[in-house]
Each structure stands twice: as structure tokens, then as C-alpha cells.
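By my numbering, the letter at position 132 of the sequence shown is numbered 766, and the numbering carries on one by one without gaps. So the structure is just underneath, and the comments pick up after that.
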Amino acid sequence: MANNIENALYIVATPIGNLEDITLRALDVLKNVDIIAAEDTRNTSVLLEKYSISTKLISYHKYSESSRVELFLEYLKEGKSIALVSDAGTPLISDPGEILVENVLNKNYKVIPIVGANAAIALISAIPRKKEDFKFIGFMPRVKNQIKETILKNSKENLVFYESPNRLIETLEIIKEEFPNKKIAIGRELTKKFEEIKIFEISEMVEYFKTNTLKGEIVCMLYADSNDNKKDLTIEIKKLKALNLKDKEIAKILSALFNINKNEIYDICIKLNQK
Ligand code: SAM
635 MANNIENALY
645 IVATPIGNLE
655 DITLRALDVL
665 KNVDIIAAED
675 TRNTSVLLEK
685 YSISTKLISY
695 HKYSESSRVE
705 LFLEYLKEGK
715 SIALVSDAGT
725 PLISDPGEIL
735 VENVLNKNYK
745 VIPIVGANAA
755 IALISAIPRK
765 KEDFKFIGFM
775 PRVKNQIKET
785 ILKNSKENLV
795 FYESPNRLIE
805 TLEIIKEEFP
815 NKKIAIGREL
825 TKKFEEIKIF
835 EISEMVEYFK
845 TNTLKGEIVC
855 MLYADSNDNK
865 KDLTIEIKKL
875 KALNLKDKEI
885 AKILSALFNI
895 NKNEIYDICI
905 KLNQK
């Protein structure tokens, strides 16, 4: 395999916790390239030591991306091979590397992905999500209005995002306040000793994390608004009608409760009246 190492930039996925989650091909590439460009050389050293790899490490983090590009292009020009790794998981997925990849491609060198762990994919591979498509947005914005806007804009998508444990409760509270009927899945410390995956209604999730450990790394998937809500509403509408509420009032109440346009609910009320 060593002979197969090319004059190229390898994008090598490394573990997101469990150091055994690395492919044989990734280890082979890390062992045999000329240089490893690492987001944090100390962090990567732990992985390299475990697998007795002594390839030269050079730091490449988001603050040095631009200045390092020239150096790496020079190595490629000399016919060398480079592996890019991040602190965890797949480089360029909420991790640095884009500037390097763009420059390397512009100079017509090859970029070769060596596949492996990714926290977002790990979570969605282990939960039901009702439909195939999903949207990944990296880290959720921090400001309340931006969080609200992001969720509104993507209400029909299964929305996958990263969140820091320090901000999780605040973000969940904002979602609960603005979108009380959302369902959410959270993966914490995936592949590690205290790994857990929970799927709850948003209010239950807030309570859960208020009373349980909130340490470690977090990835979330906010479920797409379900079309089933409309079908379920028939029962709710009938209950409210039995209380002699007017269609407009019913539409207003259920719209606030289920995040569904009140005109759509009003139409269902009218149709039910005609039955
Ligand atoms: N490139 C990485 C990947 O492929 O998953 C993601 C890098 S991003 C800077 C780091 C974020 O990913 C963390 O803050 C956390 O939200 C998420 N993450 C990383 N490892 C995780 C794990 N073991 N369990 C849950 N989330 C994780």
C-alpha cells in the first residue's frame, strides 16, 4: 500500500472519540505520507502514538490556514504527499481545510478523501428520521433571532447541527419557547464511554438536560415539522368544537399550539362542518 501513496493532498478522517474508529487505509496513509497537517499537533500525537506512527506533523489551524497554504503547495511541487487531519472526525466538516483544498485543486494537484468518522452522520445513522433527506448547518447560531430564523427557514427539514454543552440549555429553551411542538434527537459523547442518544419532545429534552449531566460533545437533529399534525388536528378540532368555540378561535388556538398556519386549520374546520 505504501507504494500507492500519491503526490496528493489526502483528507483523512480520524476518530470522534474512540481511538479505534479509524480505517486501515487511514492508518496506512498517515504512516506513509511525507507530512501530516494537523489542526492541533498535540492532539494528533496521541492518535499517532497509539498506532506507532512517526510521520512529521505540521500545524494547520484556522488562524494559520492562509499562511500555511504556500508551504504545502511547495511540498506538493517537490513531489511530496500530505495528509490533512482535524482534531476529530472529517476535516472540512465544521473544521479547517477549505482554503487548502481550494488552492491545491487550483494548482491541479489531487485531493483524495480517506473516509471515516463524522459526528453528524454518527447521530443520524442511529435514529429514525422518517425521511431520507436532512440538512446539516454546522454549528447553530448563538443569537436568539438567528436561531429562530434558522429553524423557521428550515422547518420542513430534519435539521442537523452541532452545539456546545455550555450553550445547549439556552438553545433548547429558545426552541421550546418559539416552537413548542418540535421533536429533537441529541447525541452526546458519541463513540465514548458516556455515549447517549435521546429523542424527546423539546420540553422533555430541556427537563432531561437540566437534571442530567451536561458535559461533553453534542450533536442534535431537530425533526422536520410533521404533516401528520394536520391529520391529528381533526381530533383536536372536534374537541374544541364540542366546547362551542368558533372556527376562527379554534384556528388561532391550534395554530399557536402546533405551529401550523391558522388559515390551513380554518380550512379543515370548514371542511369538517360540511361533513
Ligand atoms: N469534523 C468533525 C466531524 O466530522 O464530526 C466536527 C468538528 S466540530 C469543530 C466539533 C463539534 O462536533 C463538537 O463541538 C460537537 O458538536 C460535535 N462532535 C464532535 N465529536 C462528537 C462526539 N463524539 N459526540 C457528539 N458530538 C460530537
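Glycine residues also receive a C-beta, built at the ideal position from the N, C-alpha and C atoms. Owing to the predicted nature of the structure, the values given are computational and were not obtained by experimental measurement.
message: Pull the bridge partners of residue 822 from the DSSP assignment, please.
response: In the sequence shown, counting from the first residue as 1, residue 822 sits at position 188. Under DSSP, residue 822 forms a beta bridge with 830 and 852.
query: Is any heavy atom of ligand 1 found at a distance shorter than 7 Å from the C-beta of residue 702?
result: On the sequence shown, residue 702 is found 68 positions in, with the first residue counted as 1. Not one heavy atom of ligand 1 falls within 7 Å of the beta-carbon of residue 702.
query: Is the distance from the Cβ of residue 848 to the Cβ of residue 814 below 8 Å?
result: The sequence position of residue 848 within the sequence shown is 214, counting from 1. The sequence position of residue 814 within the sequence shown is 180, counting from 1. Result no, Cβ atoms of residue 848 and residue 814 do not sit closer than 8 Å.
- request: Could you round the C-beta distance between residue 680 and residue 664 to whole angstroms and report it? I think they count as a contact, below 8 Å.
  value: What you label residue 680 is simply residue 46 of the sequence shown in a count that begins at 1. What you label residue 664 is simply residue 30 of the sequence shown in a count that begins at 1. Contact doesn't hold; Cβ gap of about 13 Å is too wide.
- prompt: When DSSP labels each residue in this structure, what does residue 797 get in the three-state scheme?
  reply: Taking the sequence shown and counting its residues from 1, the one referred to as residue 797 is at position 163. Strand, per DSSP.
task: Could you work out which residue in 757, 714 and 720 is closest to residue 738 when comparing CA atoms only?
output: Your numbering for residue 738 matches position 104 in the sequence shown. Of the listed residues, the one whose Cα sits closest to residue 738 is 714.
message: What I want to know is whether the C-beta of residue 826 ends up closer than 7 Å to one or more non-hydrogen atoms of ligand 1.
response: Numbered from 1 along the sequence shown, position 192 holds the residue referred to as residue 826. Checking the Cβ of residue 826 against ligand 1 gives yes.
task: Could you please give the first and the last residue of the uninterrupted beta strand (DSSP E) stretch that includes residue 890?
output: Locating residue 890 in the sequence shown gives position 256, where the first residue counts as 1. For residue 890, there is no enclosing beta strand (DSSP E); the residue is part of the alpha helix (DSSP H) that begins and ends at 881–892.
- prompt: Mapping DSSP to helix, strand and coil, what is residue 673?
  reply: Numbered from its first residue, the sequence shown carries residue 673 at position 39. Annotated three-state conformation of residue 673 is coil, per DSSP.
query: Cβ of residue 797 within 7 Å of any heavy atom in ligand 1?
result: Counted from its first residue, the sequence shown places residue 797 at position 163. Result yes, Cβ under 7 Å from ligand 1.
message: Is the separation between the beta-carbon of residue 640 and that of residue 744 shorter than 8 Å?
response: Position 6 of the sequence shown, counted from the first residue, corresponds to residue 640. Position 110 of the sequence shown, counted from the first residue, corresponds to residue 744. Yes, the pair counts as a contact, with Cβ atoms nearer than the cut-off.
query: Could you give the residue range of the beta strand (DSSP E) that holds residue 743?
result: Locating residue 743 in the sequence shown gives position 109, counting from the first residue. Where residue 743 is concerned, there is no enclosing beta strand (DSSP E), given that its DSSP letter is neither H nor E.
- request: Check whether the Cβ of residue 851 sits closer than 7 Å to any heavy atom of ligand 1, and report yes or no.
  value: For this step, residue 851 is matched to residue 217 along the sequence shown. In this structure, the C-beta of residue 851 approaches ligand 1 to less than 7 Å from one of its heavy atoms.
message: Looking only at its chain, what residues have a beta carbon closer than 8 Å to the beta carbon of residue 872, apart from the 5 residues adjacent to it on each side?
response: Locating residue 872 in the sequence shown gives position 238, where the first residue counts as 1. Here the set comprises 906.
- prompt: The alpha helix (DSSP H) spanning residue 836 covers which residue range?
  reply: One-based indexing of the sequence shown puts residue 836 at position 202. Per DSSP, residue 836 belongs to the alpha helix (DSSP H) from 836–845.
- prompt: Between residue 846 and ligand 1, is the CB less than 7 Å from at least one heavy atom?
  reply: The residue you call residue 846 lines up with position 212 of the sequence shown. Not so, every heavy atom of ligand 1 lies at least 7 Å from the Cβ.
- prompt: Per DSSP, residue 642 is paired with what?
  reply: Start at 1 with the first residue of the sequence shown, and residue 642 comes out as number 8. Partner(s): 744.
- prompt: How big is the Cα-Cα spacing for residue 867 and residue 706?
  reply: Residue mapping note: residue 867 aligns to position 233 of the sequence shown, counting from 1. Residue mapping note: residue 706 aligns to position 72 of the sequence shown, counting from 1. Computed Cα separation, rounded: 60 Å.
field: Own chain residues within Cβ distance below 8 Å of residue 904, not counting five before or after
entry: Translated into the one-based positions of the sequence shown, residue 904 becomes position 270. Within the same chain, residue 904 has close Cβ partners 881.
- prompt: Distance, Cα to Cα, residue 894 vs residue 859?
  reply: In the sequence shown, counting from the first residue as 1, residue 894 sits at position 260. In the sequence shown, counting from the first residue as 1, residue 859 sits at position 225. About 9 Å.
message: Taking the alpha-carbon of residue 660 as reference, which of 644, 674 and 886 has the nearest alpha-carbon?
response: Locating residue 660 in the sequence shown gives position 26, counting from the first residue. Checking every option, the nearest Cα to that of residue 660 belongs to 644.
field: Best match in 835, 869, 884 and 825 for proximity to residue 655 [C-alpha to C-alpha]
entry: Counted from its first residue, the sequence shown places residue 655 at position 21. Ranking the options by Cα distance to residue 655, first place goes to 825.
task: Kindly indicate which three-state DSSP category residue 693 falls into: helix, strand or coil?
output: Taking the sequence shown and counting its residues from 1, the one referred to as residue 693 is at position 59. In this structure, residue 693 counts as strand in the three-state DSSP scheme.
Extent of the continuous beta strand (DSSP E) to which residue 719 belongs: In the sequence shown, residue 719 corresponds to position 85, counting from 1. Here the beta strand (DSSP E) through residue 719 covers 716–719.
- request: Grab me the residues of residue 806's own chain with a C-beta within less than 8 Å of its C-beta, minus the 5 sequence neighbours each way, in chain order.
  value: Locating residue 806 in the sequence shown gives position 172, where the first residue counts as 1. Taking C-beta separations shorter than 8 Å and ignoring five residues to either side along the sequence, the partners of residue 806 in its chain run 818, 836, 839, 840 and 843, following chain order.
query: Just checking, does the stretch 683–703 make contact with the stretch 724–740 on the three C-beta pairs under 8 Å criterion?
result: Taking a contact to require three or more Cβ pairs closer than 8 Å, the stretch 683–703 and the stretch 724–740 qualify as touching.
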